[in-house]
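Remarks on the structure that follows.
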Amino acid sequence: MSRLKASIAALKAANRKALVPYIVAGDPDRDTTIALMHQLVRDGSDVIELGMPFSDPSSDGAIIQLGAERALRQGSGLNTVFDIVAEFRKTNAETPIVLMGYLNPLEIMGYGTFVKRAADAGVDGLLIVDLPVSEAQSLLALTRPLDLDMIFLVAPTTTESRLSSICENSSGYIYYVSLKGVTGAAISDTGEIGKRVTALRQRTDLPIIVGFGIKDTNSAKAMAAVSDGVIVGSALVQKIGELTDSGKRDEASIAASTKLIADIRQALDA
Amino acid sequence: MSEIETVVAGTVPATIASTGQDQFSGPDVHGHFGQYGGVFVGETLMAAVEELDQVYRKLSKDPAFWQAFDHDMKHYVGRPSPLYFAERLSKKFGGAKIVLKREDLNHTGAHKINNTIGQALLAKHMGKPRIIAETGAGQHGVASATVAARLGLECHVYMGAEDVQRQSANVYRMKLMGANVIPVTSGSRTLKDALNEALRDWATNVDNTYYIIGTVAGPHPYPMLVRDFQAIIGREARAQSLQEYGRLPDALVACVGGGSNAIGLFHPFLRDSEVAIYGVEAGGDGVETGRHAAPLSAGKPGVLHGNRTYVMSDANGQIMETHSVSAGLDYPGVGPEHAWLKDIGRANYVSVTDTEALDAFRMLCRLEGIIPALESAHGLAYACKLAATMRPDQFIVVNLSGRGDKDIHTVAKIDGITV
Ligand SMILES: Cc1ncc(COP(=O)(O)O)c(C=O)c1O
């Protein structure tokens, strides 16, 4: 069984909500990203979404774009991403890692090389924001034999006809986008999200994890109550940005920057 | 369709080597031109893009839609634009006749209005009260503000902070027409970043907002519908050539930023295999220096802003910053149909440097009394080189995509003059 499937099965067995933090690979630098990943595991994360920095992140808000820019200034690219994952795997064999990013770097590297290097490094899933199912068939043909899960987004605007093809092609989990907008915006209507997630359940046995706009324990609890877990991105990346501002990289500062995740874990388990 | 169309009806277009099907009727239903094009956007926008495709497919089969379009083209834009023989310029090079398709004479001063009129009809049909647009040189922003004012729609224009500086006159024009101009300070602060910001706005306000993309880029159906609106340029030029010269031109030349004025001129001639086609990219300091905006000349296939096309990326797949004296050509991608036309060899893509474009700009001012846009001056510069290699009985149609009023500050600054 893949790491992601094992982790999801364990959550289900324990009747626990998934906590999935998102950070940008190479923000503030390679070594600190690895330290942050280990810290996030200690904080109670179930899966780590590792952002592949891209110069033109048009589905992201300002906070994540700034995170990507910090990483790019350090020279972070796909080589750094794979290097970070491989290094993390030396001491963590369990926590699933999902790479999240945009398609152009994969196009330039070549899908075949990308997928092989990702699998070799110890990556478990891919989420390519600007790659809808309809254009994803050639990548899916390469990821399936390697047991790399492909995670797709479902948005409030997703139509019925799209839902079936998304559910058919997804594995790992479904990422439900809580709002119309970009990462970092504010959630307005929890009730509506609950309804949409319930409707989605009729179509898939995969866990449905909600992301976009979860910024504190309250929003995390509210979203987890209507789904199988939460993804926390901008609020965390904002905190990690402070490491660049302060120049600090010590253990205490790193732990302080991910405290939100520890707090959310506590709130979800309470 | 238009009056011009009726004039050409009956002339049988020559075809490219037969394949049993017409290869130029693309894109396919998924928006692909060969391996290029398609739809590469976040899930939030997928429904909006699919809806636009359905609406456009339906409306574009409705003659009344095209009648409304042609009516505005004639009475509001001032079409058809003349085909003007630049005699003194041609003489200087001693070769083929250089003939200018005068898109600079359109209302608002560039070809951009052809597209915004068409898309405004779509926005109106779809009942969207709010319009957004991205702009580089400001011409598309102005053309969007124009149609929004005319239809009483709210209009927000995203413009790179850098471009807000270098195109201040256009910023003011947009404001005069009631548009809200939003300077974009993320990334490289130019056109590509304005596009990112517009996509973000669209995802956020997708229910009430129509996004007027200004060129043949973006996800399908934009490259198709923008082309269809701009193709009025080529339809007119084709009919005018037949009328005035009794035959088709030997060559077509147009500058390529995103590629809308170029595809507009080229498309109605694609089946005329005897007509040579040249798209001219911005060579900046020279393609060999790396400081340019010439993805077809020096880029690789990739994915940017919703479609697969030639893109200027570095070895890590990051989008590179571009350089051009012309804000409207300062873009690292290009419309997917051009990528495909390059690969199949139907069109040639070349580049000219900032310096060459500036020389052509000055030459047209002095020899013909026409101040061209710096974008258009790129096409002109190449046409002059090409003309010199051709015979006097041949003729080249150059798309003079816009007028240069917006650029006089840029040129004056280069000349060390403050106006
Ligand atoms: C006058 C003029 N020509 C050309 C362009 C380039 O755009 P496109 O390649 O889509 O025609 C612009 C863009 O701003 C323009 O203003």
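Chains A and B supply the protein sequences, listed in that same order. Residue numbers for the first sequence, in the numbering used here: 1 to 270. Residue numbers for the second sequence, in the numbering used here: 271 to 689. A virtual CB, placed ideally from N, CA and C, is assigned to each residue, including glycine.
May I ask you to list, following chain order, the residues of the region 167-182 of chain A that have a beta carbon less than 7 Å from some beta carbon of chain B?
-> Val177, Lys180, Gly181 and Val182
Measure the Cβ-Cβ separation of Leu163 of chain A and Ile128 of chain A and say whether it is below 8 Å.
-> Stepping through the first sequence from its first residue, residue 163 of chain A is reached at position 163. Stepping through the first sequence from its first residue, residue 128 of chain A is reached at position 128. No, Cβ-Cβ distance for Leu163 of chain A and Ile128 of chain A is not below 8 Å.
Local Cβ density within 10 Å of Gln266 of chain A, reported as buried at 16 or more and exposed below that | Reading the first sequence from its first residue, position 266 is the one you call residue 266 of chain A. Exposed is the call here.
Rounded Cβ spacing between Leu50 of chain A and Ile23 of chain A (contact assumed at less than 8 Å) = As a first step, residue 50 of chain A must be located in the first sequence, where it is residue number 50. As a first step, residue 23 of chain A must be located in the first sequence, where it is residue number 23. About 7 Å separates the two Cβ atoms, so the contact holds.
Residue of B:Gly686, B:Glu320 and B:Val581 minimising C-alpha distance to Thr159 of chain A | If you number the first sequence from 1, residue 159 of chain A lands on position 159. Ranking B:Gly686, B:Glu320 and B:Val581 by Cα distance to Thr159 of chain A puts B:Glu320 first.
Mind checking Val417 of chain B: buried by the 16 CB within 10 Å criterion, or exposed?
-> Counting from one through the second sequence, the residue named residue 417 of chain B turns up at place 147. By the 10 Å Cβ count, Val417 of chain B comes out buried.
Taking one C-beta from the region 501-518 of chain B and one from the region 443-463 of chain B each time, how about it: are there three or more such pairs within less than 8 Å?
-> no
Mind reading off the beta-carbon distance from Met223 of chain A to Ser178 of chain A? Whole number of angstroms is fine, and I expect it under 8 Å.
-> Against the first sequence, residue 223 of chain A aligns to sequence position 223. Against the first sequence, residue 178 of chain A aligns to sequence position 178. Sure, about 7 Å apart at Cβ, within 8 Å.
Closest Cβ-Cβ distance between Val325 of chain B and chain A: below 8 Å?
-> As a first step, residue 325 of chain B is located in the second sequence; it is residue number 55 there, counting from the start. Chain A, which has no Cβ nearer than 8 Å to the Cβ of Val325 of chain B, makes this no.
Mind checking whether Gly304 of chain B and Trp610 of chain B have CB atoms under 8 Å apart?
-> Position 34 of the second sequence holds residue 304 of chain B. Position 340 of the second sequence holds residue 610 of chain B. Taking 8 Å as the Cβ cut-off, Gly304 of chain B and Trp610 of chain B qualify as a contacting pair.
What are the boundary residues of the beta strand (DSSP E) that includes Gly367 of chain B?
-> Reading the second sequence from its first residue, position 97 is the one you call residue 367 of chain B. Per the sequence shown, the amino acid found at residue 367 of chain B is Lys instead of Gly. That run of the beta strand (DSSP E) goes Lys367 to Arg372.
By how many angstroms is the C-alpha of Asp43 of chain A removed from the C-alpha of Ala13 of chain A?
-> As a working mapping, residue 13 of chain A is identified with position 13 in the first sequence. As a working mapping, residue 43 of chain A is identified with position 43 in the first sequence. Approximately 20 Å, taken between the alpha carbons.
Around the C-beta of Ile678 of chain B, are 16 or more other C-beta atoms found within 10 angstroms, so that it is buried, or is it exposed?
-> By one-based count along the second sequence, residue 678 of chain B stands at place 408. Its Cβ having fewer than 16 others within 10 Å, Ile678 of chain B is exposed.
With which residues is Thr405 of chain B paired in a DSSP beta bridge?
-> Looking up residue 405 of chain B in the second sequence gives position 135. In DSSP, Thr405 of chain B forms a bridge with B:Met429.
Alpha helix (DSSP H) containing Thr474 of chain B: first to last residue?
-> The residue you call residue 474 of chain B lines up with position 204 of the second sequence. Note, Thr474 of chain B: alpha helix (DSSP H), Leu461 to Thr474.
Under the three-state DSSP convention, the category Asp266 of chain B falls into | This structure gives no information on residue 266 of chain B, because the portion of chain B shown stretches from 271 to 689.
How long is the line joining the alpha carbons of Glu357 of chain B and His490 of chain B, rounded to whole angstroms?
-> Within the second sequence, the letter at position 87 stands for residue 357 of chain B. Within the second sequence, the letter at position 220 stands for residue 490 of chain B. Rounded to whole angstroms, Glu357 of chain B to His490 of chain B spans 41 Å at the Cα level.
How long is the line joining the alpha carbons of Val309 of chain B and Glu135 of chain A, rounded to whole angstroms?
-> Position 39 of the second sequence, counting from 1, holds the residue named residue 309 of chain B. Position 135 of the first sequence, counting from 1, holds the residue named residue 135 of chain A. Roughly 7 Å separates the two Cα atoms.
What residues from chain A crowd round Leu469 of chain B, counting only those whose CB sits closer than 7 Å?
-> One-based indexing of the second sequence puts residue 469 of chain B at position 199. Here the neighbours are Ser58.
How would you label Leu446 of chain B, buried or exposed, when you count the other beta carbons within 10 angstroms and need 16 or more for buried?
-> The count along the second sequence starts at 1 and reaches residue 446 of chain B at position 176. Residue environment for Leu446 of chain B: exposed (fewer than 16 other C-beta atoms within 10 angstroms of its C-beta).
Distance, His345 of chain B Cα to Val210 of chain A Cα | Against the first sequence, residue 210 of chain A aligns to sequence position 210. Against the second sequence, residue 345 of chain B aligns to sequence position 75. Going by the C-alpha atoms only, they are around 52 Å apart.
Residue-level contact to chain A via CB, Val360 of chain B, 8 Å cutoff = Stepping through the second sequence from its first residue, residue 360 of chain B is reached at position 90. This sequence places Ser at residue 360 of chain B; Val is not what is there. No Cβ of chain A is located within less than 8 Å of the beta carbon of Ser360 of chain B.
Simplified DSSP state of Leu268 of chain A, which is helix, strand or coil | As a position in the first sequence, residue 268 of chain A is number 268, starting the count at 1. Leu268 of chain A: helix per DSSP, three-state reduction.
Can you list the alpha helix (DSSP H) stretches of 4 or more residues lying completely in the region 59-96 of chain A, in chain order?
-> 62-73 and 78-89
Candidates A:Ala121, A:Leu4 and A:Gly77: which alpha carbon is nearest Asp27 of chain A's?
-> Here the question's residue 27 of chain A lines up with position 27 in the first sequence. The option with the nearest alpha carbon to Asp27 of chain A is A:Gly77.
So who's on the other strand from Tyr442 of chain B, going by DSSP bridges?
-> Within the second sequence, numbered from 1, the residue matching residue 442 of chain B stands at position 172. In DSSP, Tyr442 of chain B forms no bridge with anything.
Which residues in the same chain as Ile666 of chain B place their Cβ atom closer than 8 Å to its Cβ, once the five residues preceding and following it in sequence are excluded?
-> Within the second sequence, the letter at position 396 stands for residue 666 of chain B. The residues are Ala366, Lys367, Ile368, Val369, Pro519, Asp520, Ala521, Leu522, Val523, Ala653, Leu656, Ala657 and Met660.
Within chain B, partners of Pro96 of chain A - CB distance below 7 Å = Walking along the first sequence from the start, residue 96 of chain A turns up at place 96. Correct list: empty, because the minimum Cβ distance to chain B is about 22 Å.
Quick one: Cα of Ile261 of chain A to Cα of Gln238 of chain A, how far?
-> If you number the first sequence from 1, residue 261 of chain A lands on position 261. If you number the first sequence from 1, residue 238 of chain A lands on position 238. Their backbone Cα atoms lie some 13 Å apart in a straight line.
The beta strand (DSSP E) enclosing Arg578 of chain B, as first and last residue numbers = In the second sequence, residue 578 of chain B corresponds to position 308, counting from 1. Counting along the chain, the beta strand (DSSP E) containing Arg578 of chain B begins and ends at Gly576 to Val581.
Just to confirm, does Glu357 of chain B get its C-beta within under 7 Å of one of the non-hydrogen atoms of ligand 1?
-> Residue numbering aside, residue 357 of chain B sits at position 87 when the second sequence is read from its first letter. Glu357 of chain B Cβ: outside cutoff for every heavy atom of ligand 1.
Option in A:Pro156, A:Gly75, A:Lys116 and A:Leu36 with minimal Cα separation from Ile193 of chain A = The residue you call residue 193 of chain A lines up with position 193 of the first sequence. The residue with the shortest Cα to Cα distance from Ile193 of chain A is A:Pro156.
To the nearest angstrom, report how far apart Val573 of chain B and Tyr111 of chain A are at their CA atoms.
-> Residue 573 of chain B sits at position 303 when you count from the first residue of the second sequence. Residue 111 of chain A sits at position 111 when you count from the first residue of the first sequence. The alpha-carbon atoms of Val573 of chain B and Tyr111 of chain A are separated by roughly 13 Å.
Could you give the residue range of the alpha helix (DSSP H) that holds Ser253 of chain A?
-> Position 253 of the first sequence, counting from 1, holds the residue named residue 253 of chain A. First-last of the alpha helix (DSSP H) with Ser253 of chain A: Glu251 to Ser257.
Where does the unbroken alpha helix (DSSP H) through Gly112 of chain A begin, and where does it stop?
-> Here residue 112 of chain A corresponds to residue number 112 of the first sequence, with the count starting at 1. Run containing Gly112 of chain A: Tyr111 to Ala121, per the alpha helix (DSSP H) assignment.
Residue interval of the alpha helix (DSSP H) (run including Arg162 of chain A) = As a working note, residue 162 of chain A is residue 162 in the first sequence. It spans Glu160 to Asn169 - the alpha helix (DSSP H) in which Arg162 of chain A sits, taken as one unbroken run.
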